[in-house]
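S.K.: Numbering (my numbering), first residue to last: -19 to 124. In this text, a Cβ means the ideal position worked out from N, Cα and C, and glycines have one as well. For clarity, every value in this text was computed on a predicted model and none was experimentally measured. Take a look at the following structure, please.
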Amino acid sequence: MISIAIINGPNLNLLGIREPDIYGTQNFENYLEQLRTKFSEVDIIFFQSNIEGEILNYIQQCYASKINGIILNAAAYTHTSIAIADSLSAVQIPCIEVHISNVLAREMYRKESKISEKCIGSISGLGLMGYQLAIEYLLEHLKN
Ligand code: DQA
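Right, here's the structure in full:
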């Protein structure tokens, strides 16, 4: 079975409550159930942390447990974390960067991503649907 890890960074545990005009009203646990139903052939594992080092540890753990693909919304760490970028280079697991909001249409400091160049591609601004599209792409990618 293909295993895909979805990793959410800081403040994404507040989805549904946090700035609903930007991030929507659905909480992630609820959306995750929908994803697992839709992709019942995939082992979708989920990790969220507000702590940079825990995200690093988890990415390293993905290597140890031979996870096939990663979907990463590093949230604000996207724009700052060379350490997370380095961990993606280290583990060499295919990764797709997802942002719920359109980061290119927001503040200047959100336009830079430290992790994009370590990813196969990025999805931004398509709401929670970005995670579903990332799974679909990864499944195709992993076939080859
Ligand atoms: C985000 C965009 C980031 O700029 C922001 O810091 C987040 C969420 C998104 O999903 O749109 O926390 O990654």
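1. May I have the straight-line CA-CA distance separating N37 from K46, to the nearest angstrom?
2. Would you kindly work out how many angstroms separate the C-alpha atoms of L84 and K91, rounded to a whole number?
3. Rounded to the nearest angstrom, what separates P0 and D66 at their Cα positions?
4. Please determine whether the Cβ atom of V83 lies at a distance below 7 Å from any heavy atom of ligand 1.
5. For ligand 1, is there any heavy atom lying closer than 7 Å to the beta carbon of T58?
6. In chain order, what residues of the same chain have a beta carbon less than 6 Å from the beta carbon of N82, not counting five sequence neighbours either side?
7. Is the separation between the beta-carbon of Y43 and that of I2 shorter than 8 Å?
8. Might you give, ordered along the chain, the residues of its own chain that have their beta carbon closer than 8 Å to the beta carbon of A54, omitting 5 neighbours on each side?
9. Opposite S67 in the DSSP bridges: which residues?
M.R.: Answer, in terms of the structure:
1. Approximately 14 Å, taken between the alpha carbons.
2. Counting only the Cα atoms, K91 lies some 5 Å from L84.
3. A direct Cα-Cα distance of roughly 32 Å separates P0 from D66.
4. True, at least one ligand heavy atom lies under 7 Å from that Cβ.
5. Checking the Cβ of T58 against ligand 1 gives yes.
6. Correct list, in chain order: S104, G105.
7. Against a cut-off of 8 Å, the Cβ pair of I2 and Y43 comes out as no contact.
8. Around A54: I(-13), G(-11), I35, S61, I64, E77, I95.
9. DSSP, once it has assigned bridges, lists no residue as partnering S67.
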